[in-house]
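In terms of the working numbering, the sequence shown opens at residue 1038 and continues consecutively. Ideal placement from N, C-alpha and C gives every residue a C-beta, glycine not left out. Quick caveat: nothing in here was measured; it's all calculated off a predicted structure.
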Amino acid sequence: MMTKSPGKQPMGLVLATGFLLLSCGCSSLDLFSQRFQSPDGVDVGGANAKLVGDLAVPYGMFPVTVESIGLVTCLRETGSDPAPSPHRGALLADMKARGLDRPSRLLASKGTALVLVRGVLPPGIQKDDPFDIEVRVPSQSETVSLRGGWLLDTRLKEMKILDDQQLHHGRDWGVGKGAVLVDPSADVEKNPILACRGRILGGGRALRSRSLGLVLKPEHQNVFNASRAAGAINKRFYSTSPGGIQEGMAKAINDKYVELSVHPRYKDNIPRYMQVVRSLGLRESSAKRLERMAILEKQLLDPITSAQAALQLEAIGHEGIDLLKKGLKSENTEVRFRSAEALAYLDQSEAAETLGKMARDEPAFRVFALTALATMNDYGSYEQLCALLNVASAETRYGAFRALWTMNPMDRRVMGEKLGDDFSYHVLDVSGPPMIHMTRSHRAELVLFGTDQRFLTPLLLEAGPRIRITSNGGDKVAVSRFAVGQPDQKRIVSSKVDEVIRAVAELGGTYPDIVQALQQAKAKDVLASRFEVDALPQAGRRYERTADSAEGEMDRIAEVNPETTRRSPFSLFTRPRGPVSAKGGPNAASNAEKNP
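Next up, the structure:
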């Protein structure tokens, strides 16, 4: 389960202890800042710095893996008694500490299985935020399947094998539990190991928040520069208490580190927040800012430089809005998008129409357009997202649903309900092709696009180990539950997908059970609706500019090799993203979105 630590850790991890020892208050920084100024007021070591990003680099933007040993119960005689091992010893010790009676007897049951548990905490995760959990049985285990299992409460922490070959535990970072989702489509006869791996969607809860910050570059490490960077950030980003007191998002801890809080506007796009923070100007006069904005106006209208120019104008704030609105009128697609994206984070209603069009028509910009629309507090963005629920593209309409839910989970159009205290269920009254969407990440969620979807009969489906769905034809479907030591139960419903799902949940079926039934139905051709799994907007595309794109020539889309891309920064949509290329190729158009 655990791997040996691969050499030296990232700089931020090495500096962490030093930050704690050198910690001092902002008032101390202000007191000593004069020591680091030259007679003309220019800071020593930062004379050429114009933006916060010239002084500092991000800290805390890497994922943190947390792990543990756990116990899965409720298995249908597919578990095993684990052999003596450090894993078994650790689990027994934990069970005894919790006061469980005769834990060895519980482990010996074939209804339980020892599992290795792992979760990944994304940058900026806050206390009580959910995260996904992966579970798997150890090698050499006699457990044959985790299907239908339930993970008991498990404490998750950082674990590493260091140079002394000993397993070292860090602090508790989270706790996890819930129903285990084993891929229902997995062919366990050909690959039995797939039945011994699963996920618990949103089953983890963070016990503490992860910090974000900026580490000053070595040549700029002094208290004056740290104070200057924090001051620039707090002038642009702050929160206001009910009493009207403003509190900045940044705090200079010492001469090397500035701690950052996440501004609510960027809570679902931490990397963009960091980009904007690093695009902030450093104590520039009004005249200097106007001079920089004149340059940015020209850069914004050039597709090659528009992305960085838009970020700087977004960082400037309200003074940059008029220039960004000029970008909306450009004939170039990329310039319009960059301008609209920045305007969305400034909550300007003019951005909504352009972003809606980009989400519908430009696959390379879709994920970013939807994320930007979700940040706006504007009815225009809401209308655009609602309209996208009706389009043919699966990733666009589900992406719009996710954005609407993020914007306002209590909105009646997307609120849905909890079924079986296990998963979120949403039936949307929309037009467009009937579609059913399930997730294998983020949270357990089932969405029906269209209210009158039906199974084709006759049919025979399994929903987990205890529930069967049968029909001999016509419009009647029987949903039956069979369990040892319990009376049989049956529900007779119509062939409507909605009624069948509700009947399964009423009989105790879990999210994995319902997903299994739907996937079987699709495989057996008794489900006419389109069935999609994690149809998130694809962020692994790049926007190809033709040689004459600045003159308004047609732009093209190309897929990026996943091996060369970086992970998408977005919590809403989490697929790889590639850089923008300035070159067009003969096959650039041929790799456009293959399955909308």
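Note to self: Would Ser1122 pass as an interface residue toward chain D - the criterion being a Cβ-Cβ separation below 9 Å?
What the structure shows: Structure shown: chain D not included; a single protein chain is present.
Item checked: Start-to-end residues for the alpha helix (DSSP H) that takes in Phe1402 -> Pro1400 to Thr1412 is the extent of the alpha helix (DSSP H) around Phe1402.
Notebook entry, point to check: Just how far apart, CA to CA, sit Pro1229 and Val1181?
Noted result: Whole-angstrom Cα-Cα distance: 7 Å.
Check: Taking DSSP as the reference, what is the three-state secondary structure of Gln1345?
Finding: In the displayed model, Gln1345 falls within a helix according to three-state DSSP.
Check: Are the region 1534-1552 and the region 1503-1517 touching by the rule of at least three beta carbon pairs closer than 8 Å?
Finding: Result yes; three or more Cβ-Cβ pairs closer than 8 Å.
Note to self: Short of 6 Å in beta carbon distance, which residues of its chain neighbour Arg1375, apart from the five on each side in sequence? Order them along the chain.
What the structure shows: If we look at Arg1375 and ignore the five residues flanking it on each side, its Cβ neighbours are Ser1343, Ala1344 and Ala1347.
Notebook entry, point to check: If you draw a straight line from the alpha carbon of Ser1408 to that of Leu1112, how long is it in whole angstroms?
Noted result: Note on identity: in this sequence residue 1408 is Thr, with Ser being the wrong assignment. Going from the Cα of Thr1408 to the Cα of Leu1112 covers about 40 Å.
Next item on the list: Can you say whether Met1475 is buried or exposed, counting buried as having 16 or more other CB atoms within 10 angstroms of its CB?
Entry: By the 16-neighbour rule on beta-carbons within 10 angstroms, Met1475 is buried.
Next item on the list: Can you tell me which of the three DSSP states His1355 falls into?
Entry: Helix, per DSSP.
Checklist line | Outcome for Ile1282 when other beta-carbon atoms lying within 10 angstroms are tallied against a minimum of 16 | finding: By the 10 Å Cβ count, Ile1282 comes out exposed.
Check: How would you label Glu1371, buried or exposed, when you count the other beta carbons within 10 angstroms and need 16 or more for buried?
Finding: The residue in question, Glu1371, is buried, as its Cβ has 16 or more Cβ neighbours within 10 Å.
Notebook entry, point to check: In the structure shown, what three-state DSSP assignment does His1300 receive?
Noted result: In this structure, His1300 counts as coil in the three-state DSSP scheme.
Next item on the list: Quick one: grab the DSSP three-state call for Ser1122.
Entry: Taken through DSSP and simplified to helix, strand or coil, Ser1122 comes out as coil.
Notebook entry, point to check: Under three-state DSSP, which class holds Ser1178?
Noted result: Correct three-state label for Ser1178: coil.
Check: Just curious, the alpha helix (DSSP H) that Thr1433 is in, first and last residue?
Finding: Segment Ala1431 to Met1444, the alpha helix (DSSP H) holding Thr1433.
Notebook entry, point to check: Looking only at C-alpha atoms, which of Ser1276, Val1089 and Arg1579 sits nearest to Glu1321?
Noted result: Comparing Cα positions, the closest option is Val1089.
Next item on the list: Compute the distance between the beta-carbons of Leu1253 and Val1295, then report whether it is under 9 Å.
Entry: Cβ atoms of Leu1253 and Val1295: closer than 9 Å.
Note to self: So, with DSSP's three-state summary, where would you put Ala1134?
What the structure shows: Helix at Ala1134.
Check: Measuring CA to CA, which of His1300, Asn1262 and Arg1477 is closest to Thr1277?
Finding: Taking each of His1300, Asn1262 and Arg1477 in turn and checking the Cα distance to Thr1277, the smallest one comes out for His1300.
Next item on the list: Taking the CB atoms as reference points, tell me whether Leu1573 and Tyr1435 lie closer together than 9 Å.
Entry: Result yes, Cβ atoms of Leu1573 and Tyr1435 sit closer than 9 Å.
Notebook entry, point to check: Using the rule of at least 16 other Cβ atoms within 10 Å of the residue's Cβ for burial, across every protein chain shown, is Glu1588 buried or exposed?
Noted result: Bear in mind that a pLDDT of 42 at Glu1588, under 50, signals an unreliable position, so the number given afterwards is only what the model happens to contain. Exposed: under 16 other Cβ atoms inside 10 Å.
Checklist line | Beta-carbon proximity list for Met1395, same chain, < 6 Å, skipping 5 on both sides | finding: Once the five neighbours on either side are set aside, the close Cβ partners of Met1395 are Phe1374, Phe1402 and Ala1406.
Notebook entry, point to check: How big is the Cα-Cα spacing for Leu1317 and Asp1339?
Noted result: Between Leu1317 and Asp1339, the C-alpha separation is close to 21 Å.
Next item on the list: Classify Met1395 as helix, strand or coil using the three-state DSSP reduction.
Entry: DSSP places Met1395 in helix when its eight states are reduced to three.
Margin query: Less than 9 Å between the C-beta atoms of Thr1191 and Val1219, yes or no?
Written below: No, the pair does not count as a contact, with Cβ atoms beyond the cut-off.
Notebook entry, point to check: To which residues of the same chain is Val1079 closer than 7 Å at the C-beta, ignoring the five residues directly before and after it?
Noted result: In this prediction, Val1079 scores a pLDDT of 39, lower than 50, which makes its location untrustworthy; no coordinate-derived value is stated.
Checklist line | Lys1133 vs Leu1319 beta-carbon contact at 9 Å | finding: In this structure, the beta-carbon distance from Lys1133 to Leu1319 does not fall below 9 Å.
Margin query: Could you check whether Pro1167 and Ala1243 sit closer than 9 Å to each other, using their CB atoms as the reference points?
Written below: Here Ala1243 is near Pro1167, since their CB atoms are less than 9 Å apart.
Note to self: Nearest by alpha-carbon distance to Ile1106: which of Gly1213, Gly1116, Glu1454 and Glu1499 is it?
What the structure shows: Put simply, of Gly1213, Gly1116, Glu1454 and Glu1499 the residue whose alpha carbon is nearest the alpha carbon of Ile1106 is Gly1213.
Check: Which stretch, first to last residue, makes up the alpha helix (DSSP H) that contains Lys1087?
Finding: No alpha helix (DSSP H) contains Lys1087, which DSSP labels as neither H nor E.
Notebook entry, point to check: Around the C-beta of Leu1050, are 16 or more other C-beta atoms found within 10 angstroms, so that it is buried, or is it exposed?
Noted result: A caution first: Leu1050 carries a pLDDT of 34, below 50, which makes its placement in the model unreliable, though a value can still be read off. By the beta-carbon neighbour count (other beta carbons within 10 angstroms, threshold 16), Leu1050 is exposed.
Notebook entry, point to check: With DSSP run on the structure shown, which of helix, strand or coil describes Val1534?
Noted result: Residue state for Val1534 is assigned as helix, using DSSP reduced to three classes.
Note to self: Between which residues of its own chain and Asn1427 is the CB-CB distance below 6 Å, once the five residues before and five after are set aside?
What the structure shows: Same-chain partners within the cutoff: Val1467, Ser1468 and Gly1469.
Check: Which whole-angstrom value describes the C-beta separation of Ala1379 and Glu1399, a residue pair presumed to lie in contact below a C-beta threshold of 8 Å?
Finding: The Cβ separation is near 17 Å, so there is no contact.
Item checked: Arg1142 versus Leu1188 - alpha carbon distance -> Straight-line Cα distance between these residues: approximately 18 Å.
Notebook entry, point to check: Got a sec? Which residues, its chain only, sit under 7 Å from Val1464 by beta carbon, not counting five neighbours each side?
Noted result: Counting only Cβ-Cβ distances below 7 Å, and skipping sequence neighbours, we find Leu1485, Thr1488 and Asp1535.
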